[in-house]
Structure formats: C-alpha cells, structure tokens
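Below is one structure, written out as structure tokens; the observations come after it.
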Amino acid sequence: MHHFSSHGFDILRSRNNHPVKVHSIAWFSAVILLLASFAGVRAGAEDASAQQQNELFTCASGPWGRVGYYYFYLEAPDYVVEKFPLPNTTTKWVFNVNEFDRIEPLLKNAGMAQERLDQLLAPRRVVKDTQYAYVFPSAADVESLTAENRAIIYNELARNPANVFQYSPVFFLTDSVEEWAKDSGLSAAIVTKISRLSYKAGSALVFADIPLLLSQAADVAEARYIMRKLTRVRTLMAQLELSKEDSIPDLLNYWSTGLGLRQKELEPLMQAIIRTKGLAHLDILHLVPPLPRKLLYTYPDISYAAEGRLPDCHWTSLNFFNLTPQPFLLDTRLATSLVKQDFDKVEPPYRYGDVLMFITPDGRAVHSATYLADDILFSKNGSNLLTPWLLMRLQDLSKLYDIEPGKTRIVGFRHKK
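Just so you know, the sequence shown maps onto residues 12 to 428 in this note's numbering.
So, in structure tokens, the structure goes:
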C-alpha cells in the first residue's frame, strides 16, 4: 500500500514504506502477471474453529444498535493459488554485505551455539555479491531457535526486503496457531511445525519459515495445499439485531451518518425485518453503501491493475461512500490532498463512516480503515491481489500495525458536511 505522512497532520505528504501483508505470500508478486487471465472472485468462506463456529459475539451497546458477529475464514481460491510456482525449500537469510561483521554477534545474541555459528558462517557456505551476503541455515539450525531468539533474528531480517518471508510473514489473529488451523484440513504434524516455528513481531504472532515447512510436504499436492492454507485470514460477519422495541429513527440517524444518506432505502428494509415473523436481524452488508457492499469478502479483479496501481487501504477507505471508485485515489499525493481538503480530524467516540488512520511516530499513515460500529471496521490490508476486502475488529488491526503507546497510534478523520 502507499502511505500518507504528516507532522501533526498539519501538513500531509506522501512517503513510501513497505506494506503489512496479512496472510499474504511475498513470492506471489514475482508472478503477478499470471493473473491476467483471472476474473475477480468473491471469497469462499470456511467455518471457524469449533469454539467459534455458530457462536454469536455481541458488540458493546451504542448508537449503532444491537450488533452481533460471527467469525469465519477466507482463503484464496484454489484456481489462483495453483497457478503460482512453489518457492524454493532452501532457507536463506540475506544481509547487506557491508554489515556482514554484524551477523555473528546478532546470531550469538539470539542464542545460536558457537558450533552452529562456525558451520553456518564458514566461508564455503556464504555467498556474497556486491550488495548482499547470503547464508543458508540448515533445518536443524532453524528449529534449534526458541520463539524469543527467532524473534530477535527474524525481526532484524525483516528490515531487508530481500528476506521476503520475514519481510511479509503470515499473521495469526488468533491466540494460537492451533486455533487458527482448526478445521483447516492441515495435518497435525504441519500445524505443530508451524506452531513451533512461530514468533512475535510486535504484539502479533507470525510465521516466516515457509521454505522449511514446504520441505516437510509429502508431495507437490500437499505443498500446494499448505500454500493455500497459509492465505487463511480471519474475518467476521456482522448483523444488526432488530425488534419492535428498537428506535428506528435513532438507528437510521446513525447508519445514515446523520445526513440522511440512504435513509429512504434503509427505513423500509428495517421496518420489513421487524414486521416479518421469523426475521430478527439485518446483515451489515445491507447497511453499507453499494461499493463496499460489492467489494466485501472479495479479492481484487485483475482489471484494477489496468490503472497501474492496485487498490490499497487508503483507496478503500476514501472511496467508501462513492458510488463508483475514484481512480485518482490510487495516487498518494492526490489522496493526501483530499484528506486535507475534505476531512476534519476527530476524537473518539467515532461514528459510522469515519476514516481511522494508523500513524507511526514519524508521521506516516501505514494503514487506514472505515469505522462501522463498536470496534468493527471495513478494511483492505495490503495492495496485492491475494488480500481481500473484509471486516475486522480494531483489536486485530492493532496487532497487525503494532498499535502501542509510543509506537503507532490511531487518528480519526470525518468527512466535512
């Protein structure tokens, strides 16, 4: 994605920084042209874990009404994943060649035994060119690391885009790999391996040892199956509960942003739900404007690539109320000027349609999403074709973008009336 940058949000200017790709595989970008023959597709949903399956979670009460939600998982479609080549199963760590002397102290500080270090950094096992030094740890080297020590090494490797798997790891929004993998069809051995090789990046649980994992596959079919499962991302389906006791005018005021947007469409729909026996809720999908309704739970169509840039989080949040997407919002500079011109900075409590931007200490907006209700947001986490539009809880997005005191913070913006 492209990033907005600011100093106190008095002045916004564009600056590039690498995106956080949720459940995306960095090697996909190398063969993106293969998607030229594909049409867009609404994602297939898989059941969530047994703990969450059929379990309705309830949002806090508020002007949005009584909102509940179910968790479920999305995966990239089979016919897309099958077109991509499998990555090399040899683990490779890449360092800047002028920092080669820092490698041994780093690995030693991470707890790697001296005997392993001597073997790993033996001149015959290190490849150098004018830019990088490449080292090739064995499976035993990788598996010998604790989660804490792995985090030290991999978070350092993530600073270099050449380390594609550490730079864009797989994120787990659940408390454990086992919960994420429940009902996925992955073998117990593979799930155990992923769990053992996972580590923390900020407050998020992540996984980067894809080459090693694929080396455990019994055959090509299993390797491709594993790759598809690594695109799993948890999202949610939200619904507004309705009854005769609810104040329809108050609900309409909230879901029309207080400006009467789509009120003539929403009022008869809400009234019909209340009058109809056996109906008690309205899917949030029907409350959002036409464009996000069309995009939700889908992957980008290749036609977007014809614009020269793929939709990212900012394109998504700033186009939320537009009947048709505005192509100029793919341009970071112009999108930035729109925020300066048409939006006011707002403090919590946020309301439906507000744009929440995730701002780093140096003023970069590394992500944005549209606020719906309580802590539910409409989001696209990355600009590649393998990341869908979805609903997420704010606490999950905060894990992805490292929302902590003194680090990334959330700033709200509201369209001027």
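Cβ atoms here follow ideal geometry from the backbone N, Cα and C, with glycine treated the same way.
In this structure, ILE205 is the residue among GLY374, ARG170 and ILE205 with its C-alpha nearest to the C-alpha of VAL153.
If you ignore the 5 residues before and after GLN142, its C-beta comes within less than 8 Å of the C-beta of ASN107 and VAL108, all in its own chain and listed in chain order. Straight through space, the alpha carbons of VAL78 and GLN406 are spaced by roughly 17 Å.
Judged by beta-carbon spacing, THR371 lies beyond the 9 Å limit of TYR308, meaning their Cβ atoms are not closer than that value. Short of 7 Å from the beta carbon of THR101, and not among the five residues preceding or following it, lie these beta carbons of its own chain, in chain order: PHE147 and PRO222. The Cβ-Cβ distance between TRP326 and ARG243 does not fall below 9 Å.
Going by C-alpha positions, ASP353 is about 17 Å away from PRO338. Beta bridge pairing from DSSP links ARG207 with no other residue.
Contact between GLU189 and VAL202 is confirmed by a C-beta separation of about 6 Å, below the 8 Å threshold.
Contact annotation, LEU329 with VAL366: C-beta distance approximately 7 Å; criterion of less than 8 Å satisfied. With respect to the 9 Å criterion, ILE164 and LEU117 are classified as neighbours on the basis of their beta carbons.
Closest in C-alpha terms to PHE95, from the list ASP312, ASN392, ARG425 and VAL231, comes VAL231. Shown here for GLU278: same chain residues with a beta carbon closer than 8 Å to its own, the five before and five after excluded, namely ILE259 and LEU263 in chain order. If one requires a minimum length of 3 residues, the beta strand (DSSP E) runs lying completely within the segment 143-224 are 143-146, 181-183, 210-212 and 215-218, in chain order. Residue state for TYR80 is assigned as strand, using DSSP reduced to three classes. Apart from the 5 residues on each side of it in sequence, ALA219 sits with its Cβ closer than 7 Å to the Cβ of TYR165, PHE176, GLN177 and PRO180 in its chain, given in chain order. In the structure shown, the three-state DSSP call for SER348 is helix. Sequence-distant Cβ neighbours of PRO300 in its own chain, meaning closer than 6 Å and more than five residues away, are PHE332. Counting other Cβ atoms within 10 Å of its Cβ, ASP373 stays below 16 and is therefore classed as exposed.
In this structure, the straight-line span from the alpha carbon of ARG404 to that of GLY73 is close to 16 Å. With a contact defined as Cβ atoms closer than 8 Å, LYS410 and LEU272 miss out at about 32 Å.
By the beta-carbon neighbour count (other beta carbons within 10 angstroms, threshold 16), SER314 is exposed. DSSP places LYS356 outside any alpha helix (DSSP H); the residue lies instead in the beta strand (DSSP E), whose first and last residues are 354-357. When the five nearest sequence neighbours on each side are left out, the beta carbons in the same chain lying within less than 7 Å of the beta carbon of ASP413 are those of GLY213, SER214 and THR419, in order along the chain.
One thing to note: ARG286 has its Cβ no nearer than 9 Å to the Cβ of HIS297. Runs of alpha helix (DSSP H) with 4 or more residues, each lying fully within the segment 224-290, are found at 231-240, 259-266 and 274-286, listed in chain order. Cβ contact annotation for THR69 (same chain, cutoff 6 Å, sequence separation greater than five): GLY79, in chain order. C-alpha of ILE114 to C-alpha of THR157: approximately 18 Å in a straight line.
TYR382 and SER226 have their C-alpha atoms spaced approximately 42 Å apart. Per DSSP, the unbroken beta strand (DSSP E) holding ILE387 starts and ends at 387-391.
The beta-carbon separation of LEU401 and SER390, rounded to 6 Å, stays under the 8 Å limit for a contact. Among the bridge pairs identified by DSSP, VAL108 is matched with none. Ranking LEU306, LYS288 and MET281 by CA distance to the CA of ASP294 puts MET281 first. The distance from the Cβ of ALA124 to that of ASN160 is about 11 Å, inconsistent with a contact at the 8 Å cut-off.
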